[in-house]
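When you line the sequence shown up against this note's numbering, it's residues 62 to 377, in that order.
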Amino acid sequence: MAISEADVDADAALIERYLAHQRVQRRLAERTTELYAVHLADLVRRAREAGLALAQVQPAQVRRWMAQLHAAGHAPRGIALVLSCWRGFYRWLGHEGRIAANPVQDVHAPKAARPLPKALGVDDAVRLAEHRDPEADPWTAARDAAIVELLYGCGLRVSELVGLDLQPGKEAKGWVDLEAGEASVLGKGGKRRAVPVGGKAAEALRAWLAVRGEAAGSAGAAALFIGARGARLSAQAVWKLLRARSLRAGLAAPVHPHMLRHSFASHLLQSSGDLRAVQELLGHASIATTQVYTRLDFQHLARAYDAAHPRAKLKK
């Protein structure tokens, strides 16, 4: 079944008008508009093969086309982007009075597999924490050691770490009470939580505070962690120093702050098995967010089984 030349021309004109609307009214970037043009050209091709004008497309056809994309090996994220483009086009057609219902509205891409968080092995985490560079500046070395111990020992987000102040107060986002052995941090959603500070982290913090001195500028006077010029240390600076430290320590891959948070959660869960406690310590609003670490823990156990159990492998 073929559609008329008039319908072909009408569809081409609609696509052109829609892309112009995206460029002018929504001020989309040129690259984004080009991607929309590619996705809409694919929509036109599929509609032609089905003998349909664009306004005649139904949800059943859209679902079939999505299944074809999935079978061809397209990633769920890529399929979702195609659907988003088509959905926006048909929404615009609805505003133009060309269709009564959006055929893409209730069609969804396949769910993408949630990637497992990357965590260090216990030995690598300890190696990173205990790494000492004899040529490093003592002031920087003490600060960086305290940062690693807090990130790994307390499971802090990097934003929580750099937000720590020397003293508690109404304006402080967070602070460490060494006598009580706990840190108070302001997490996502403005939720405050208390996190235990272990002996190694407390020892590293005391060593840092002994050499920290007064901040050179008022901008960092209240901050627990400062840079060489006295300003509060930024999250980006922490990323850089961790990357450099991990490479100097001989780790196989560069380490970033969230990897230490993942390591904290994974190692704690392996030792305790207490998912609720890990959820509280991480400051997760939902237990479902924390449950990803059970998958990571099982992966660790599976590797141990494969390596050590006499019945794990088939004899050749």
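We put the beta carbon where it would ideally sit given N, CA and C, even for glycine.
*residue 96: first and last residue of the uninterrupted beta strand (DSSP E) it sits in*: Where residue 96 is concerned, there is no enclosing beta strand (DSSP E), although the alpha helix (DSSP H) it sits in stretches over 91-110.
*Which residues share a DSSP beta bridge with residue 237?*
DSSP links residue 237 through a beta bridge to 244.
*Output yes or no for whether 7 Å exceeds the beta carbon distance between residue 186 and residue 213.*
Taking a C-beta distance under 7 Å as the contact criterion, residue 186 and residue 213 qualify as a contact pair.
*Quick one: Cα of residue 373 to Cα of residue 142, how far?*
The predicted position of residue 373 is uncertain, since its pLDDT is 45 and thus under 50; a value taken from the coordinates is nonetheless stated next. Taking C-alpha positions only, residue 373 is separated from residue 142 by approximately 42 Å.
*According to DSSP, what are the bridge partners of residue 400?*
Missing from the structure shown is residue 400; the chain here goes from 62 to 377 and no further.
*With DSSP as the reference, label residue 357 as helix, strand or coil.*
Low per-residue confidence applies at residue 357: pLDDT is 48, beneath 50, and the placement is therefore not dependable, though the value from the model is reported in the following sentence. The answer is helix: DSSP assigns residue 357 an H, G or I state.
*What does residue 284 pair with, by DSSP beta-bridge criteria?*
For residue 284, which the question treats as bridged, DSSP gives the partners 226.
*Can you tell me which of the three DSSP states residue 257 falls into?*
Residue 257 falls in the strand class under three-state DSSP.
_Beta-carbon gap between residue 121 and residue 140 smaller than 7 Å_ = Against a cut-off of 7 Å, the Cβ pair of residue 140 and residue 121 comes out as no contact.
*residue 293 bridges to which residues according to DSSP?*
DSSP lists 287 as the beta-bridge partner residues of residue 293.
*With DSSP collapsed to three states, give me the class of residue 205.*
The answer is helix: DSSP assigns residue 205 an H, G or I state.
*Three-way DSSP call (helix, strand, coil) for residue 301 in this model*: Annotated three-state conformation of residue 301 is helix, per DSSP.
*Report the three-state DSSP secondary structure of residue 160 (helix, strand or coil).*
Coil.
*What is the residue span of the alpha helix (DSSP H) that residue 191 lies within?*
Per DSSP, residue 191 belongs to the alpha helix (DSSP H) from 183-191.
*Quick one: using the 10 Å Cβ neighbour count with 16 as the cut-off for buried, is residue 164 buried or exposed?*
By the neighbour-count rule (16 or more Cβ atoms within 10 Å), residue 164 is buried.
*Consult DSSP for residue 165 and reduce its assignment to one of helix, strand or coil.*
Secondary structure of residue 165 (DSSP, three-state): coil.
*For residue 294 versus residue 223, is the C-beta spacing smaller than 7 Å?*
Yes.
*Near residue 255, what residues of its chain come up, given a Cβ to Cβ distance below 6 Å and the 5 sequence neighbours on each side ignored?*
Sequence-distant Cβ neighbours of residue 255 in its own chain, meaning closer than 6 Å and more than five residues away, are 243, 245.
*asked:* I want to know whether the segment 189-204 touches the segment 325-338 - three or more CB-CB distances under 8 Å.
replied: Between the segment 189-204 and the segment 325-338 there are fewer than three inter-stretch CB-CB distances shorter than 8 Å, so the stretches are not counted as touching.
*asked:* Let's test the definition: count the other Cβ atoms within 10 Å of the Cβ of residue 159 and tell me whether it reaches 16, buried, or not, exposed.
replied: By the 10 Å Cβ count, residue 159 comes out exposed.
*Following the continuous alpha helix (DSSP H) through residue 113, name the residue where it begins and the one where it ends.*
Element bounds for residue 113: n/a, residue is neither H nor E.
*Below 8 Å on the Cβ atoms is my guess for residue 299 versus residue 219; work out the distance and round it to an integer in Å.*
Right, their Cβ atoms sit about 5 Å apart.
*Within its chain, find whatever has a CB closer than 8 Å to the CB of residue 268; leave out the 5 residues flanking it on each side and keep chain order.*
Only 203, 206, 207 meet the Cβ criterion.
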